[in-house]
Amino acid sequence: MNAAGIIFSNLHDQRITELTRQRTMASIPFACRYRLIDFALSNMVNSDITNINVIAHYNYHSLMDHIGTGKNWDLARRTGGIKILPPYITAYANHDNALYSTRLEALKSVIFSISHIQEELIVLSDCDVICNIDISKLIKYHIDSSADITMVVKSVNLSSYIDENHIIVKSNNKKEITDIITYPVDISGPQDISLNIWVIRKDLLITMVNDALAHGYVSFHRDIIGKNIGKLRMQVYNHNEYSAVISSFNNYYATSMSLLSNPDIRRSLFEIADRPIFTKVRNSAPTKYVGSPLITDSLIADGCVIEGTVDNSILFRGVKVGQGATVKNSILFQDTVISNNAYLNCVVTDKNVVIREGVVLSAHQTMPIHIEKNKMI
Amino acid sequence: MIKKKECVAMLLAGGQGSRLYTLTEKTAKPAVPFGGKYRIIDFPLSNCINSRIDTVGVLTQYQPLGLNEYIGNGEPWDLDRVYGGVRVLPPYQAQKSASWYKGTANAIYQNINFIDRYDPDYVLILSGDHIYKMDYNAMLQYHKEKNAACTIAVLEVPLSEASRFGIMNTNADNSVYEFEEKPKNPKSTKASMGIYIFNKKTLFDYLIADEKDPKSSNDFGKNIIPAMLNSGEKLFAYSFNGYWKDVGTIQSLWEANMDLLGKNPKFNLYDRSWRIYFRNNPLPPHFIGKSGTVSNSIVTEGCEIFGAVADSVLFNSVKIGEGAVVKDSIIFPGSVIEPGANVEYSIVDSNSVISAGVHIGAPKENADGITVIGSNLKITNNMKIPIAAMVNENALSNFI
């Protein structure tokens with residue numbers, strides 16, 4: 044595939060501060076054993092894109108730990124493979140000591156690396172979108188429609204109040220972009236929203252970023268896409284299989300829970316032939332059920348030992364649920380320990396959380412609570 | 027230039043495992059699935075890397091394709107080393123001769139060149155059909171302390187069972203004075219585990235001498251060890267106290283799987299200081315639906331459970347339909363137990379389908395053996411599968 048990938052690991056971190064305090068958007072855990080970046084990486088690898096740059100910004104230790112050499116995605120390669128691009132700051136030129144805060148600034152900071160990419164096309168992707176998309180079809184569409192830029196969108200029925208984080212894309216009947224609404228206010232009804240995946244020619248991307256640099260532009264959508272409507276050939280590509288954009292903590296919780304209630308979502312993410320979602324291998328033993336615990340409607344990773352009741356919940360690797368404990372409507376990250384007779388309802392526990400014996404924590408589905416990493420309750 | 031290694035491990039993985047019947051029809055015994063997500067060979071390989079032995083030759087012969095693919099470059103076990111690592115060693119054609127591995131000793135003899143490349147002081151001989159966790163490095167220290175020519179790992183077995191094993195008769199200092207293969211009247215209860223550490227030079231001398239003897243069956247237990255004892259070499263027994271199971275029969279394979287269950291299992295897979303590594307599949311977590319129940323069982327990635335699972339081991343991507351019952355059984359990867367089917371005291375090999383309403387096996391108390399369903403079979407309602415039957419593709423038509 045004559046395309047390289049660029050993944051933005053930190054954009055949108057501020058939308059979900061509960062989970063990004065000690066990690067990037069890219070390394071937010073999802074669905075028992077994955078991190079959000081696994082979807083972007085696997086989508087690219089499954090379409091033979093094997094030269095991938097991940098732009099990192101801050102607190103990217105968890106991301107580096109997750110990616111390692113890239114071998115779990117078959118990206119440990121002599122040619123191409125995966126590269127993490129931390130902020131490029133030279134000691135003498137860093138007057139304002141500023142790291143980037145927008146996509147465009149992120150691209151500026153790594154323009155040197157981008158200019159070394161040999162591939163003709165570049166697929167850009169964020170980490171806040173959860174989908175299993177055939178990128179080779181997207182690229183074929185991009186080439187067939189002789190587009191300069193192709194943007195992946197999803198048709199949704201927007202309810203006016205909740206979706207302020209979405210970017211709305213308007214297009215005509217030839218699928219040409221006619222308008223971009225970056226800060227939608229009070230828009231509802233059927234709309235196309237951006238899935239934050241694009242295809243663009245490498246030389247065009249470099250020209251645009253340099254041009255933006257010269258003009259002091261900061262917003263990719265507003266200043267690059269928006270200003271070029273009618274000048275460049277910009278197409279939308281509809282991905283109408285399942286996808287979710289994580290826009291808040293509540294939305295993260297709801298998206299996770301939908302995996303339990305809707306088997307079709309699980310199938311469209313994880314059970315498409317030849318398009319598996321890869322992740323870091325942890326070598327957990329299988330999960331062991333001791334005695335006769337009551338387990339219903341739950342997704343459970345390997346390495347767990349379960350003696351208590353689990354209902355409508357998501358358990359990551361290495362979780363322990365003690366005797367007489369009850370876990371309902373909850374998401375338990377890696378190595379959470381629920382001691383005997385504890386009771387959890389609508390709780391998201393971060394890594395290594397310990398809930399002591401008999402503790403009761405109960406919230407509501409519309410307002411789940413988050414327990415920080417390494418905390419003991 | 028190849029750096030010197032202190033100890034090279036040679037893993038005998040060529041056995042056919044004929045007593046596993048249909049399970050080893052298309053697979054070498056070391057590649058037989060075990061414990062939800064492992065293969066038998068993961069145990070010796072993980073023991074090697076956990077014991078800091080990073081050079082392992084795997085001797086293959088019978089049905090090597092699956093095993094070769096599984097081992098690959100050794101990356102899952104951290105055995106993809108620049109110097110050393112894991113190497114698959116099939117029999118090969120040399121200038122003067124080409125021959126299959128005639129016996130365990132001959133297999134090592136044919137790979138003397140491989141061992142010599144690393145110029146080791148010691149050679150560790152392992153077999154690929156046992157489930158156990160063992161620190162080979164501790165055994166090597168013992169071997170060095172005793173200044174032995176050969177050290178043999180032994181396990182205390184009940185006297186009543188000793189006649190099933192190769193028995194080491196030892197002096198008070200654990201030196202071996204006699205080896206008896208399956209003795210009628212055992213004098214000791216120290217059973218050989220088939221794990222040996224040799225001084226390289228001594229081993230090579232005996233292998234070369236053994237090869238010249240046309241009457242020899244080229245076997246470590248039958249020939250090499252007795253020859254060394256006859257010549258007065260120093261052989262020591264190294265006592266091992268942990269869990270160890272030969273999974274060479276359907277019954278023992280079933281038992282070893284069941285030994286993983288329970289709060290305090292006989293064999294613990296959850297010890298993070300001694301992880302067992304394996305080749306991973308990119309599969310989603312398992313899902314247990316509203317109608318599903320799981321008790322005292324092991325379940326792994328890709329499974330979907332809508333029926334009742336009790337006292338069983340499920341491998342990856344097993345589907346249990348609504349109303350189906352799986353009890354006292356082992357279900358290998360990708361098999362489907364359709365709604366209302368009933369599987370008791372059975373082993374179902376990979377990618378088979380037990381159709382809706384079919385009953386396989388019988389309650390453990392009433393069955394006189396384990397029912398085994400081979401791989402890639404579809405068992406339908408018109409088939410009568412007798413209890414304790416071994417069902418493979420060829421036998422399938424007999425049951426209609």
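Here the protein sequences come in this chain order: A and B.
Mapping of the first sequence onto my numbering: residues 44 to 420, in sequence order.
Mapping of the second sequence onto my numbering: residues 27 to 426, in sequence order.
Just so it is clear, CB atoms sit at the ideal spot from N, CA and C, and this is done for glycine as well.
Since we're looking at a predicted model, the values are computed, not measured.
Residue i at chain B interface by Cβ criterion, 8 Å
i: Lys331(A); result: yes
i: Asn326(A); result: yes
i: Met169(A); result: As written in the sequence, residue 169(A) is Asp, which differs from the Met given in the question. Asp169(A) does not count as touching chain B.
i: Leu342(A); result: yes
i: Pro411(A); result: no
i: Ile320(A); result: yes
i: Arg78(A); result: no
i: Arg309(A); result: yes
i: Phe313(A); result: yes
Close-in-space but distant-in-sequence residues of the same chain around residue i (CB under 7 Å, 5 per side omitted)
i: Phe10(B); result: No information on residue 10(B) is available, as it lies outside the stretch 27 to 426 that chain B covers here.
i: Glu18(A); result: With chain A represented from 44 up to 420, any question about residue 18(A) goes unanswered, as that position is not in the structure.
i: Tyr232(B); result: Ile250, Ala253, Met254
i: Met251(A); result: Ile267
i: Tyr144(B); result: Ile28, Lys30, Lys31, Val34, Thr81, Gly110
i: Tyr47(B); result: Ile276, Val398, Met416
i: Ala119(A); result: Thr112, Gly113
i: Ser343(B); result: Leu309, Gly328, Cys329, Pro359, Gly360
Integer Cβ distance of residue i from residue j, believed to fall under 8 Å
i: Ser105(A); j: Gln65(A); result: 7 Å
i: Lys29(B); j: Pro146(B); result: Incorrect: roughly 11 Å between the Cβ atoms, too far for contact.
i: Val180(B); j: Ala217(B); result: 6 Å
i: Leu6(B); j: Gly40(B); result: Outside the displayed range of chain B (27 to 426) lies residue 6(B), so it cannot be described from this structure.
i: Asn86(A); j: Asn175(A); result: 7 Å
i: Val362(A); j: Thr339(A); result: Their Cβ separation, rounded to whole angstroms, is 16 Å, which puts Val362(A) and Thr339(A) out of contact at 8 Å.
i: Val362(B); j: Ile399(B); result: Not really, about 12 Å apart at Cβ, beyond 8 Å.
i: Ser286(A); j: Val172(A); result: 6 Å
Cutoff 8 Å: residue i Cβ touching any chain A Cβ
i: Gly62(B); result: yes
i: Glu327(B); result: yes
i: Lys289(B); result: yes
i: Phe332(B); result: no
i: Tyr269(B); result: no
i: Asn249(B); result: no
i: Tyr96(B); result: no
i: Arg301(B); result: yes
i: Pro59(B); result: no
Chain-order list of residues whose beta-carbon lies under 6 Å from that of residue i (same chain, five-residue window excluded)
i: Ile268(A); result: Ile223
i: Ile157(B); result: Phe69, Lys271, Val273, Ala282
i: Ser356(A); result: Ser341, Val370, Ser373
i: Lys260(B); result: Ala174, Ala175
i: Lys63(B); result: Phe304, Thr326
i: Gly220(B); result: Ser153
i: Phe246(B); result: Thr130, Ala131
Under 8 Å from the C-beta of residue i: neighbouring residues of chain A
i: Pro117(B); result: Within 8 Å Cβ-Cβ: nothing; Pro117(B) doesn't reach chain A, min ~31 Å.
i: Ala296(B); result: A small correction: the amino acid at residue 296(B) is Tyr; Ala does not occupy that position in the sequence shown. Per Cβ cutoff of 8 Å: Ala328, Lys331, Gly346, Val348.
i: Glu101(B); result: Lys114
Neighbouring residues, chain B, relative to residue i (Cβ below 9 Å)
i: Thr339(A); result: Ile314, Gly315, Lys316, Ser317, Gly318, Thr319
Cβ-based neighbour list, residue i, same chain, cut-off 8 Å, excluding 5 preceding and 5 following
i: Ala47(A); result: Ile92, Asn94, Ile95, Asn96, Gly123, Ile160, Gln161, Glu162, Leu164, Ile165, Val166, Lys245
i: Pro209(B); result: Ala188, Ser189, Ile193
i: Tyr118(B); result: Ala124, Gln136
Neighbour flag for residue i against chain E, beta carbons, 8 Å
i: Ala316(A); result: In the structure shown, chain E cannot be found, because the protein chains are A and B.
Cross-chain neighbours of residue i in chain B, by beta carbon under 8 Å
i: Gly334(A); result: Lys289, Ser321, Asn322
i: Ala74(A); result: Pro310, Pro311
Contact set between residue i and chain A, taken where Cβ atoms lie within less than 7 Å
i: Asn306(B); result: Val324
Contact list for residue i against chain B, beta-carbon separation under 7 Å
i: Phe376(A); result: Per Cβ cutoff of 7 Å: no residues; Phe376(A) is ~13 Å from chain B at best.
i: Ile414(A); result: Those do not exist, as Ile414(A) stays about 21 Å from chain B at its closest Cβ, beyond 7 Å.
| query | Would the stretch 44-59 of chain A and the stretch 92-102 of chain A be scored as touching if the rule is three or more Cβ pairs under 8 Å? | reply | yes
| request: Evaluate the contact criterion for the stretch 294-306 of chain B versus the stretch 102-110 of chain B: three or more CB pairs, one atom per stretch, below 8 Å. | output: yes
| Touch test, the stretch 272-284 of chain A against the stretch 211-220 of chain A, Cβ-Cβ under 8 Å, three pairs minimum | yes
| Does the stretch 348-368 of chain A come within contact of the stretch 288-308 of chain A, defined as at least 3 CB pairs closer than 8 Å? | yes
| query | Within the chosen definition, does the stretch 189-199 of chain A reach the stretch 218-237 of chain A through at least 3 CB pairs nearer than 8 Å? | reply | yes
| Is the stretch 318-336 of chain A close to the stretch 287-299 of chain B, with three or more CB pairs under 8 Å? | yes
| query | Between the stretch 58-76 of chain A and the stretch 187-197 of chain A, are three or more C-beta pairs nearer than 8 Å? | reply | no
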